[in-house]
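Down below is the structure, laid out as structure tokens.
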Amino acid sequence: MCPVMENDGLFILVRDGVGSFIINGEEFVVGKGHVAWIQASQVLTIIPEFSSALELWVCVYDYQLLNYFLFNKISITDETGIVNAIPVLPYDEEDVAPIIALFEQYERLSRLSSRGSAVVRSSYLRKIELLYNRAAKKHSENYNINTMPLGRRVSLYIATHSTQALTAADVAEALGDVTENDVKHALLVATGMNFNQYYMRLKLVFTLSYFLYYSLQFDYIAACAGFSMDVGFYRKFKAMTGLTPQAYRERMLCDGSNGRIYRGMILSETIISAMNYLYENFSEHIDVDTIAGDLYTTGSVLRSHFRDYLHTSCKQILALFRVRYAESLLTTTDLPIVDISIESGFSSDRTLGRVFAEINGMSPGEFRKMRSRKVGK
Amino acid sequence: MSKAQSPDNFSMFGQADEYFEKNVLPRDVKGYQRIITRTTPYNHSHDTHYVFVRSGTGILTMNGLDYRLLPNTLTCLSPFNRYRYTPDPGQKLDIVECRFNSGAYVYLISNPYYKIKHFDVPTEPPIVRVSGFMKDIARQAIAGILEESAKNRPDSTDMLFCYITDLAGVIYDGIASGKTVKPIDYSK
Chain A
0 MCPVMENDGL FILVRDGVGS FIINGEEFVV GKGHVAWIQA SQVLTIIPEF
50 SSALELWVCV YDYQLLNYFL FNKISITDET GIVNAIPVLP YDEEDVAPII
100 ALFEQYERLS RLSSRGSAVV RSSYLRKIEL LYNRAAKKHS ENYNINTMPL
150 GRRVSLYIAT HSTQALTAAD VAEALGDVTE NDVKHALLVA TGMNFNQYYM
200 RLKLVFTLSY FLYYSLQFDY IAACAGFSMD VGFYRKFKAM TGLTPQAYRE
250 RMLCDGSNGR IYRGMILSET IISAMNYLYE NFSEHIDVDT IAGDLYTTGS
300 VLRSHFRDYL HTSCKQILAL FRVRYAESLL TTTDLPIVDI SIESGFSSDR
350 TLGRVFAEIN GMSPGEFRKM RSRKVGK
Chain B
0 MSKAQSPDNF SMFGQADEYF EKNVLPRDVK GYQRIITRTT PYNHSHDTHY
50 VFVRSGTGIL TMNGLDYRLL PNTLTCLSPF NRYRYTPDPG QKLDIVECRF
100 NSGAYVYLIS NPYYKIKHFD VPTEPPIVRV SGFMKDIARQ AIAGILEESA
150 KNRPDSTDML FCYITDLAGV IYDGIASGKT VKPIDYSK
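Residue numbers (numbering that gives the first Met the number 0), protein chains in the order written: chain A, 0 to 376; chain B, 0 to 187.
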């Protein structure tokens, strides 16, 4: 098969057959039960053994999803360890059997079209990654950057430093005992790309990983990837993908119509922080403008975020939280309504009564009476 | 991303951690088993809980409504619920509770595959009775939650977050396929 390099990660399970994977110039013999994680920095060529067929299951693990799940800070050393890890796990019952089980369930989930199954599948990909990393760690002593062919070493060095200003001479100096020309030649042989093509591609893949974060501007993302000029980013992006960043993002999103899988933006930090604050402090006095100030934004920006992404307002959510909590106190305690109103964050029982009626269509007293008849004695 | 970052310090993977600075990331997800043999007092917590019935039967009383608990019943309890368990006579309710803070819950529903049409907190919480393949997924998630909570590996929080994402997906699927459990109607 022709060499391929994707913008997303790929998990590959060899279901049957024998052959090899050439990954950035390094050959790995594969057979039934082998699992590979082909990251976006890797060029893969699949070669079945003569007169044999390789049966593969492939799961696409996009970097937007990987970043969503990567919420715990990991050190640069650990991260480099993940990028440099062995790309094909040798078959080992203990390590690989749970990964194969996840693959099999993933395949069954893929046949379901429900939104719930898509959510479950997203976590399965992360679980495969975590189990893969645990297993790969066991091989890190025998497989590390010093044992790899030069082309692969060069490609991985670029992969772990792609956001920095980098030249072939820098890579040669960092690896030691090689010249700039050795670096360029080895990379070309391993990936089929010259230094600038490969380096630029990784920079652009890095920017893609941020595309689903709501409220991040493209020029900011470009700056994070080390582009000094926005225009350079836009031009290079279009040259690589044939689309502008905006158009590319539009294609990544899907409203879930016509049986397709829904994919939306990841909520902004502002919304998540504000929602978290509301959850934890709903029974206290809360002023929307104060929350906005704490989040270094303005009330109007906060309101527009809530409207665009949760299709409601901060004020309505707060009212809902308080009313639901008041419901729990009305139905499980004998507290007077005036006490419940204070306990659930309302300024008075009159306010509770008004807001409660707006949401439930009845007074707190009527609600208490109605629910008291619904519990077994 | 309010932190000023130099590209030299930037991670190869984007990392949500670089993007979210506030205390909204899942830091503390815990699961534990409870064997209930008698009616519990009302419980209330500021955390969100997933509760899964592994075996036994009984009643979950929540905000003035009774729900029948049978094996493979899964529910999500929010900080607005006060609830208690009552096992049926002679029964032991074997349940697993998995708790996490509200920030983790909001982060959970910000998964790009989770569609929020209109954020709402219904007066009746989502309770589903799972079966078939989704039951297997829920049971595996529950077993995983107990195992990771006990082993406390360096990446346990990451794995636990995956398991609660599984449970969120199972509930999402159960609601869409009409497997919700309605409160007991004593008037009938």
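Beta carbons: idealized from backbone N, C-alpha and C, even for Gly.
Notebook entry, point to check: In chain B, what lies closer than 9 Å to A/H310 by C-beta?
Noted result: Taking the first residue of the first sequence as 1, we reach residue 310 of chain A at position 311. Using a Cβ-Cβ cut-off of 9 Å, A/H310 is close to I115, K116, H117, F118 of chain B, given in chain order.
Check: Can you find a C-beta in chain B that's less than 8 Å from the C-beta of A/T330?
Finding: As a first step, residue 330 of chain A must be located in the first sequence, where it is residue number 331. Judged by the 8 Å Cβ criterion, A/T330 is in contact with chain B.
Margin query: In whole angstroms, give me the CA-to-CA distance for A/Y123 and A/F68.
Written below: By 1-based counting over the first sequence, the position of residue 123 of chain A is 124. By 1-based counting over the first sequence, the position of residue 68 of chain A is 69. So the alpha carbons of these two residues sit roughly 11 Å apart.
Notebook entry, point to check: Which residue or residues does DSSP assign as beta-bridge partners of B/N42?
Noted result: Taking the first residue of the second sequence as position 1, residue 42 of chain B is located at position 43. DSSP output for B/N42 lists B/Y82 as bridge partner(s).
Check: So, using beta-carbon positions, are A/V204 and A/G150 closer together than 8 Å?
Finding: Counting from 1 along the first sequence, the entry for residue 204 of chain A is found at position 205. Counting from 1 along the first sequence, the entry for residue 150 of chain A is found at position 151. Going by beta carbons, A/V204 and A/G150 fall outside the 8 Å limit.
Next item on the list: Kindly list the residues whose CB is nearer than 8 Å to the CB of A/R200, restricted to its own chain and excluding five residues on each side of it in sequence; keep chain order.
Entry: Mapped onto the first sequence, residue 200 of chain A falls at position 201. Excluding residues within five positions, the ones whose Cβ falls inside 8 Å are M4, M192, M239.
Margin query: Counting only C-beta atoms, is B/S148 closer than 8 Å to chain A at any point?
Written below: Position 149 of the second sequence, counted from the start, is the residue given in the question as residue 148 of chain B. No, B/S148 lies away from the interface with chain A (no Cβ there is under 8 Å from its Cβ).
Note to self: I'd like to know whether the C-beta of B/A175 is nearer than 8 Å to at least one C-beta of chain A.
What the structure shows: Residue 175 of chain B sits at position 176 when you count from the first residue of the second sequence. Taking Cβ atoms only, chain A reaches closer than 8 Å to B/A175, which makes this a yes.
Next item on the list: Would you please verify whether the beta carbon of B/V129 is less than 8 Å from any beta carbon of chain A?
Entry: Within the second sequence, numbered from 1, the residue matching residue 129 of chain B stands at position 130. Taking Cβ atoms only, chain A never reaches closer than 8 Å to B/V129, which makes this a no.
Checklist line | Contact set for A/S214: own chain, Cβ-Cβ below 6 Å, skip 5 residues either direction | finding: Locating residue 214 of chain A in the first sequence gives position 215, where the first residue counts as 1. Answer for A/S214: S267, listed in chain order.
Margin query: Can you find the residues in the same chain that come closer than 7 Å, C-beta to C-beta, to A/R259, ignoring five residues on each side of it along the sequence?
Written below: The residue labelled residue 259 of chain A in the question sits at position 260 within the first sequence. The beta carbon of A/R259 sits closer than 7 Å to those of C253, all from its chain and outside the five residues before and after it, given in chain order.
Margin query: Closest to A/N145 by C-alpha separation, out of A/R323, A/S161, A/G175, would be which residue?
Written below: Here residue 145 of chain A refers to the residue found at position 146 when the first sequence is read from its first residue. Nearest option by C-alpha distance: A/G175.
Item checked: Under 8 Å by beta carbon: chain B residues contacting A/N126 -> Residue numbering aside, residue 126 of chain A sits at position 127 when the first sequence is read from its first letter. In the sequence on display, residue 126 of chain A carries Lys and not Asn. At a beta-carbon threshold of 8 Å, the residues of chain B lying near A/K126 are M158, C161, ordered along the chain.
Check: Which term fits B/D7, buried or exposed, when burial requires 16 or more other beta carbons within 10 angstroms of its beta carbon?
Finding: Reading the second sequence from its first residue, position 8 is the one you call residue 7 of chain B. Unreliable positioning characterises B/D7 in this predicted model, as indicated by a pLDDT of 47, which lies under 50. A coordinate reading is not provided.
Next item on the list: Give me the Cα-Cα distance between A/F210 and A/V42, rounded to the nearest whole angstrom.
Entry: Taking the first residue of the first sequence as position 1, residue 210 of chain A is located at position 211. Taking the first residue of the first sequence as position 1, residue 42 of chain A is located at position 43. Each residue's alpha carbon lies about 23 Å from the other.
Checklist line | Beta carbon of A/S362 nearer than 8 Å to that of B/G168 | finding: Here residue 362 of chain A corresponds to residue number 363 of the first sequence, with the count starting at 1. Here residue 168 of chain B corresponds to residue number 169 of the second sequence, with the count starting at 1. No. Outside cutoff.
Notebook entry, point to check: Using a C-beta cutoff of 8 Å, does B/S54 count as contacting chain A?
Noted result: Along the second sequence, read from residue 1 onward, the residue named residue 54 of chain B stands at position 55. False, the Cβ-Cβ gap to chain A never drops below 8 Å.
Margin query: Please list, in chain order, the chain B residues whose beta carbon lies closer than 7 Å to that of A/A117.
Written below: Here residue 117 of chain A is taken as the residue at index 118 of the first sequence, counted from 1. Y112, listed in chain order.
Check: Starting from B/T47 and walking both ways along the beta strand (DSSP E), at which residues does that stretch end?
Finding: For the purposes of this step, residue 47 of chain B is taken as residue 48 along the second sequence, with counting starting at 1. According to the DSSP assignment, B/T47 belongs to the beta strand (DSSP E) that extends over 47-54.
Check: What residues in the segment 314-325 of chain A bring their beta carbon closer than 7 Å to a beta carbon of chain B?
Finding: Identification of residues in the segment 314-325 of chain A having a C-beta nearer than 7 Å to some C-beta of chain B yields I316, L319, F320, R323, Y324, given in sequence order.
Next item on the list: With a floor of 4 residues, list each alpha helix (DSSP H) that falls wholly inside the segment 256-320 of chain A, ordered by position along the chain.
Entry: Listed in chain order, the complete alpha helix (DSSP H) runs (minimum 4 residues) inside the segment 256-320 of chain A are 268-280, 287-293, 298-309.
Margin query: If you follow the alpha helix (DSSP H) that A/R370 is in, where does it begin and where does it stop?
Written below: On the first sequence, residue 370 of chain A is found 371 positions in, with the first residue counted as 1. Counting along the chain, the alpha helix (DSSP H) containing A/R370 begins and ends at 363-371.
Checklist line | A/T146, DSSP secondary structure in three states | finding: Within the first sequence, the letter at position 147 stands for residue 146 of chain A. In the structure shown, A/T146 sits in a helix (DSSP, three-state: H, G or I).
Next item on the list: Please list, in chain order, all residues of the same chain as A/T162 whose beta carbon is under 8 Å from its beta carbon, the five residues on each side excluded.
Entry: For the purposes of this step, residue 162 of chain A is identified with residue 163 of the first sequence, where counting begins at 1. Cβ neighbours of A/T162 beyond the five flanking positions: K202, F205, C223, A224, G225.
Next item on the list: Would you mind reading off the limits of the beta strand (DSSP E) that contains A/S19?
Entry: By 1-based counting over the first sequence, the position of residue 19 of chain A is 20. 18-22 is the extent of the beta strand (DSSP E) around A/S19.
Next item on the list: Report the rounded CA-to-CA distance for A/R367 versus A/S327, giving the unit in angstroms.
Entry: Here residue 367 of chain A corresponds to residue number 368 of the first sequence, with the count starting at 1. Here residue 327 of chain A corresponds to residue number 328 of the first sequence, with the count starting at 1. Distance between A/R367 and A/S327, taken at the CA atoms: about 10 Å.
Check: For A/G263, which residues in chain B fall below 7 Å Cβ to Cβ?
Finding: Looking up residue 263 of chain A in the first sequence gives position 264. From the beta-carbon of A/G263, the residues of chain B found nearer than 7 Å are P111, K114.
Check: Under the three-state reduction of DSSP, which class applies to A/I358: helix, strand or coil?
Finding: Taking the first residue of the first sequence as 1, we reach residue 358 of chain A at position 359. The answer is helix: DSSP assigns A/I358 an H, G or I state.
Next item on the list: Drop a sphere of 10 angstroms on the beta-carbon of A/K314, count the other beta-carbons inside from all chains shown, and report buried for 16 or more, exposed for fewer.
Entry: Taking the first residue of the first sequence as position 1, residue 314 of chain A is located at position 315. Per the 10 Å Cβ criterion, exposed.
Notebook entry, point to check: Ordered along the chain, which non-local residues of its own chain (more than five positions away) have a Cβ less than 6 Å from that of A/A7?
Noted result: Here the question's residue 7 of chain A lines up with position 8 in the first sequence. The amino acid occupying residue 7 of chain A in the given sequence is Asp; Ala does not appear at that position. Excluding sequence neighbours, A/D7 sits near V59, D61.
Check: What is the DSSP secondary structure of A/L129, reduced to helix, strand or coil?
Finding: Taking the first residue of the first sequence as position 1, residue 129 of chain A is located at position 130. Helix.
Next item on the list: Determine contact between the segment 25-40 of chain A and the segment 85-92 of chain A, defined as no fewer than three beta-carbon pairs at a distance below 8 Å.
Entry: Counting Cβ pairs under 8 Å, three or more are found: they touch.
Notebook entry, point to check: Hey, is the segment 71-86 of chain B in contact with the segment 316-334 of chain A, meaning 3+ C-beta pairs nearer than 8 Å?
Noted result: Yes, since at least three Cβ pairs between the segment 71-86 of chain B and the segment 316-334 of chain A fall closer than 8 Å, the two stretches touch.
Checklist line | Test: A/K368 CB closer than 8 Å to a CB of chain B | finding: Taking the first sequence and counting its residues from 1, one reaches residue 368 of chain A at position 369. Under the 8 Å criterion on CB atoms, A/K368 is classed as non-interfacial with respect to chain B.
Next item on the list: Could you say which of A/L101, A/I220, A/M369, A/V177 lies nearest to A/T330 if we only look at CA atoms?
Entry: The count along the first sequence starts at 1 and reaches residue 330 of chain A at position 331. Cα-wise, what sits closest to A/T330 is A/M369.
Note to self: Could you check whether the Cβ of B/T36 sits closer than 8 Å to any Cβ belonging to chain A?
What the structure shows: For the purposes of this step, residue 36 of chain B is identified with residue 37 of the second sequence, where counting begins at 1. No, because no Cβ of chain A sits closer than 8 Å to the Cβ of B/T36.
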